[in-house]
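Student: Got a structure for you, written out below as structure tokens; questions coming shortly.
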Amino acid sequence: MASDINRRRSFSLLVLIIVMLYGHKGDSKCDFEAIFNFGDSNSDTGGFWAAFPAQSGPWGMTYFKKPAGRASDGRLIIDFLGN
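Residues -28 to -1, 1 to 55, numbered by mature numbering (1 follows the signal peptide of the UniProt record, and there is no 0), are exactly what the sequence shown covers, in order.
What follows is the structure in structure tokens.
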């Protein structure tokens, strides 16, 4: 029983060391010239504003400090992927 626990601890320690050694490779920059987003439930590609132009913009301070033509007043998931 004790040897089984020691094997699990050794294996867990080995996995932890491997993850720590190779974890820095996942911190690469997004170096794409363009990212195309065709719209889903997490983004607004502007189709709503084209269909219903009478809607007013969001109130409050926006992230971009100017109108972005979106229904959101902040950043979307696609904006975070592009950084």
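All C-beta atoms in this analysis are idealised placements derived from N, C-alpha and C, irrespective of residue type, glycine included.
#1: Just checking my contact of Leu48 with Ile7 at CB under 8 angstroms: how many whole Å lie between their CB atoms?
#2: I need the straight-line Cα distance from Asn(-23) to Leu(-16), nearest angstrom please.
#3: Would you kindly work out how many angstroms separate the C-alpha atoms of Ser(-19) and Glu5, rounded to a whole number?
#4: Given this structure, state the Cα-to-Cα distance separating Ile(-11) from Asp3, to the nearest angstrom.
Tutor: Based on what the coordinates show:
#1: Not really, about 11 angstroms apart at Cβ, beyond 8 angstroms.
#2: 10 angstroms
#3: 44 angstroms
#4: 26 angstroms
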